[in-house]
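Scroll down for the structure; my scribbles are underneath it.
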Amino acid sequence: MEKIVICGKKPLYGTIDIAGMKNAALPILFATVLVGGKFYIENLPDVSDINLTLDILKRLGATCVHNGDATEIDTTEIDPYAELPLDVVKKMRASYYLVGAQLGRYGKAHVGYPGGCDFGTRPIDQHLKCFRTLGADADVNGGYIEAYAKEGLYGNHIFFDVVSVGATVNAILAATRAEGSTIIENAAREPHIVALASFLNMCGAHITGAGTDTIKIRGEKDLHGCSYDIIPDMIEAGTYMVAAAAAGGRVMIRNIIPKHMESVTAKLVEMGVTVNIGDDYAEIVRDPAQPLSRIMVKAVPYPGFPTDMQPQICALTCQAEGTSYVSEGVWDNRFRYVEELMRMGAHILVEGKTAIVEGGAPMKGTQVSAVDLRGGAAVIIAALAAEGITVIDNIVLIERGYDDIVGKLSAVGADIRKVSFPD
Ligand code: EPZ
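According to our numbering, the residues represented by the sequence shown are 56 to 478, in order.
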């Protein structure tokens with residue numbers, strides 16, 4: 056079994072280049088099934104969720120060939136209903152984007168129920184609702200999501216009851232080739248939604264309003280392949296910004312879109328960290344001896360502070376002076392990582408959806424687990440600032456979403472290694 060071993064208290068100096076955004080690349084890869092054609096996708100991150108998605112595309116008969124920094128994908132001739140083992144689709148959440156893609160292109164979908172990080176119940180009622188609103192029968196049967204549009208899909212008015220990234224993606228996928236026009240209200244506004252819409256528009260779709268809460272789609276059957284460059288990963292960037300603040304030093308984080316980083320930047324500045332922003336970089340500067348101020352932060356949908364940065368900022372507040380309040384406004388239960396921070400000495404009380412952090416308690420390395428992807432990032436951040444050696448297991452969860460996190464941190468001076476231990 057591989058573990059990450061970190062010896063803390065080493066300030067970081069140097070440059071980190073940010074990879075393409077996992078959560079933008081995933082819907083775009085499944086959208087290649089919807090469109091059918093030849094694609095040239097640049098800047099795909101080398102993370103296991105993306106490699107698993109490429110594997111799913113290959114199982115459906117697509118060709119996926121790496122060519123330098125680009126991946127050439129051909130989904131012209133595929134067998135959309137080729138059997139995908141349940142244990143494959145259960146390895147991640149985004150496999151359910153195949154439902155929108157199959158339904159949109161062929162009028163019928165049959166995909167195993169997805170898995171993903173454990174944040175309590177993760178309902179899919181809004182996904183089923185949007186498929187039904189477009190004219191399909193849709194339900195869950197024996198472990199599969201099934202949808203069938205006997206008369207084809209017809210544009211309609213979809214009003215989401217909650218803001219959902221995944222349901223907005225599936226609504227876009229299903230409506231792009233539908234007959235007539237669709238309006239999606241209360242849509243998610245995340246940059247990855249904008250990226251999916253621009254990708255599909257480059258394939259000939261007619262999507263406007265992505266990035267606002269109202270998206271309009273004029274159905275178009277005549278779609279074609281395209282070349283596309285995946286946008287930088289704002290969560291990977293935010294994680295390294297927080298890691299640099301925790302360890303101290305001076306780190307240049309390159310290849311970012313600063314606009315996407317505003318909520319994270321604002322919280323770091325509030326804590327007393329220097330953040331120098333340029334056209335496509337953020338430089339983080341902090342003397343490790345410099346105290347950090349306490350904060351209150353609530354994770355909400357974009358453009359608010361991202362839930363996918365909530366565990367990492369919570370790890371940083373363990374170093375702040377006084378009591379910080381870190382609230383979760385998206386998921387029912389995204390605090391499972393807190394126990395791991397407490398093993399290291401953090402003083403945190405979780406009350407409902409708020410972690411109350413008494414900052415300044417001395418933290419020491421010990422054996423901890425990555426309980427999920429971003430929870431794993433949080434323990435890495437805590438370990439960089441802690442006294443002694445931290446050993447992190449279950450690192451496959453971290454590798455689902457971070458492209459070479461060990462290499463990138465060690466290149467800026469962290470004492471971090473991946474070590475194989477006998478099972
Ligand atoms: C996406 O998950 C991301 N995953 C998550 O990132 C991220 O935490 C989340 O959006 C919120 O930003 C991917 O992009 C692959 P949602 P998703 O549907 O789409 C409720 C990471 O670390 N809801 O926006 O599954 C739901 O329970 C991952 O990279 C319903 O009630 O999240 C939650 O409270 C983890 N009914 C809220 O909406 C539904 O049908 C937001 O969920 C769907 C969702």
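Cβ coordinates follow ideal geometry from the N, Cα and C atoms, glycine included.
Item, Value
"Proximity of Gly171 and Arg148 at Cβ, strictly below 8 Å", "yes"
"Between the CA atoms of Cys281 and Met257 - distance to the nearest angstrom", "6 Å"
"Segment limits, alpha helix (DSSP H) that includes Lys463", "Ile460 to Ala466"
"Start and end residues, beta strand (DSSP E) containing Ile471", "Asp470 to Ser475"
"Lys205 classed as buried or exposed, judged by whether at least 16 other C-beta atoms fall within 10 angstroms", "exposed"
"Near the ligand EPZ: Arg177 beta-carbon under 7 Å from a heavy atom", "yes"
"Gly456 beta carbon near the ligand EPZ (any heavy atom closer than 7 Å)", "yes"
"Neighbourhood of Trp386 by C-beta distance below 7 Å, restricted to the same chain and skipping five residues each side", "Phe174, Gly175 and Thr362"
"Residues that Glu127 bridges to, as DSSP identifies them", "Tyr95 and Val120"
"Arg217 Cβ short of 7 Å to the ligand EPZ heavy atom set", "According to the sequence displayed, residue 217 carries Val and not Arg. It does: the Cβ of Val217 is within 7 Å (strictly closer) of some heavy atom of the ligand EPZ."
"Rounded C-alpha distance that separates Gln181 from Ile290", "25 Å"
"Near the ligand EPZ: Arg148 beta-carbon under 7 Å from a heavy atom", "yes"
"Rounded straight-line distance, which links the Cα of Arg273 to that of Val412", "48 Å"
"Beta-carbon proximity of Leu67 to Val330, cut-off 8 Å", "no"
"Whether Arg391 touches Glu383 by CB criterion (8 Å)", "no"
"When Ala222, Gly221, Ala191 and Asn225 are compared against Tyr209, the one with the closest alpha-carbon", "Ala191"
"Beta-carbon contacts of Phe94 that lie in its chain and below 6 Å, excluding the five residues immediately before and after", "Thr87, Ile128 and Gly280"
"Proximity below 8 Å, CB of Ile447 to CB of Ala416", "no"
"Residues of its chain near Gly443, where Cβ-Cβ distance is below 6 Å and the 5 sequence neighbours each way are ignored", "Lys419 and Gly420"
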